[in-house]
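Novice: Questions regarding the structure given below will be posed in turn.
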Amino acid sequence: MANAKVIQAKQESVDAVTAKLRESVTTVVVDYRGLNVAQVTELRKQLREAGIEFQVLKNSLLRRAAAAAELTELNEVLTGPTAIAFSVDDVVAPAKILNDFAKKNDALELKGAVVEGRVIGVEEVKALAELPSRDGLLSMLLSVLQAPVRNFALAVKAVAEKEEQGA
C-alpha cells in the first residue's frame, strides 16, 4: 500500500507542476549550481517581491509535467540541477530578474523558458529581459498619446499670446 501512496503523491506533484506550466505566462528554467544559501535567499526574495514563484524541481518530474502540458521541447534544457520560476502576471519580470541576477552571479545560468506556451532559448530569454517592464511600456504609450494634445495646447497658447500682443 505504501507504493500506491507514493505513486499518488508523485502524480499529484506532476499535476501541480503541469497546472503551473499551463497557467503561467512566463516560466524560466535556470541552473542554480554554485549559488550559496545567501545568494539563493536573495534571489528568492527578489522573485517573491515581483509575485513570481521559484522552485527547485527534479528533472524527471518536470519532464512528465512538460509532456502533460504539451511542452516536450522543454526536455532539451532539463539537465543538471534545475530551478524554475513561474510568473502568472508579468511576462518580462522573471526573465529580467533572473538575467540581472545571472549578470551579477556567474553561478546562475539561464537554460530556457516558456513564454505564453512557446519554448524559447537562452538568447530569446535575454532579449525578453531587455524589454521594459509593463509599467515602463505603459508610461511610454501614455507619453506618445499625450504628445499631440500637448503640442496642440502649446500652439493654441502661442496663437493667444500673439493676438494679445497684436491688440
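Mapping of the sequence shown onto my numbering: position 19 corresponds to residue 1016, and the numbering continues sequentially without gaps. Where a beta carbon is used, it is the ideal one built from N, C-alpha and C, also for glycine. From a predicted model like this one, the values you see are computed outputs, not experimental measurements.
1) Which of the three DSSP states, helix, strand or coil, is assigned to Ser1136?
2) Going by the beta-carbon positions, is the gap between Phe1083 and Ser1021 smaller than 8 Å?
3) Around the C-beta of Val1034, are 16 or more other C-beta atoms found within 10 angstroms, so that it is buried, or is it exposed?
4) Using a 10 Å radius around the Cβ and a threshold of 16 neighbouring Cβ atoms, would you call Phe1051 buried or exposed?
5) Would you identify the three-state DSSP class for Gly1163, choosing helix, strand or coil?
6) Residues in its own chain within less than 6 Å of Glu1070 by CB, not counting five upstream and five downstream?
7) Could you say if the region 1058-1072 and the region 1010-1029 meet the contact criterion of at least three C-beta pairs nearer than 8 Å?
8) Which two residues bound the contiguous beta strand (DSSP E) that contains Glu1050?
9) Determine the burial state of Ala1001: buried for a count of at least 16 other Cβ atoms within 10 Å of its Cβ, exposed for fewer.
10) Just tell me which of Glu1067, Lys1154, Ala1092 has its CA closest to the CA of Ala1047.
11) Decide yes or no for the touch test of the region 1066-1080 against the region 1104-1112: beta carbon pairs closer than 8 Å, at least 3 of them.
12) Please check the pair Ala1104 and Leu1032, which I expect to be a contact at CB under 8 Å, by giving their CB distance rounded to whole angstroms.
13) For Ala1066, does the three-state DSSP call read helix, strand or coil?
14) Among all the DSSP beta bridges, which residues are the ones paired with Glu1039?
15) Tell me the DSSP secondary structure of Glu1120 in three-state form.
Specialist: Reading from the atomic positions:
1) Ser1136: helix per DSSP, three-state reduction.
2) In contact: Phe1083 and Ser1021 (Cβ atoms closer than 8 Å).
3) Of the other Cβ atoms in all chains shown, fewer than 16 fall within 10 Å of the Cβ of Val1034; this residue is therefore exposed.
4) Here Phe1051 is buried, its C-beta having at least 16 other C-beta atoms within 10 Å.
5) Looking at Gly1163 - three-state DSSP - the assignment turns out to be helix.
6) Cβ neighbours of Glu1070 beyond the five flanking positions: Val1116.
7) Touching, yes, given that three or more Cβ pairs across the two stretches are closer than 8 Å.
8) First-last of the beta strand (DSSP E) with Glu1050: 1050-1053.
9) Exposed is the call here.
10) In this structure, Ala1092 is the residue among Glu1067, Lys1154, Ala1092 with its C-alpha nearest to the C-alpha of Ala1047.
11) Output reads yes: the region 1104-1112 touches the region 1066-1080.
12) Their Cβ separation, rounded to whole angstroms, is 5 Å, which keeps Ala1104 and Leu1032 in contact under 8 Å.
13) Correct three-state label for Ala1066: coil.
14) Bridge partners of Glu1039: none, in fact.
15) In the structure shown, Glu1120 falls within a helical segment according to DSSP collapsed to helix, strand and coil.
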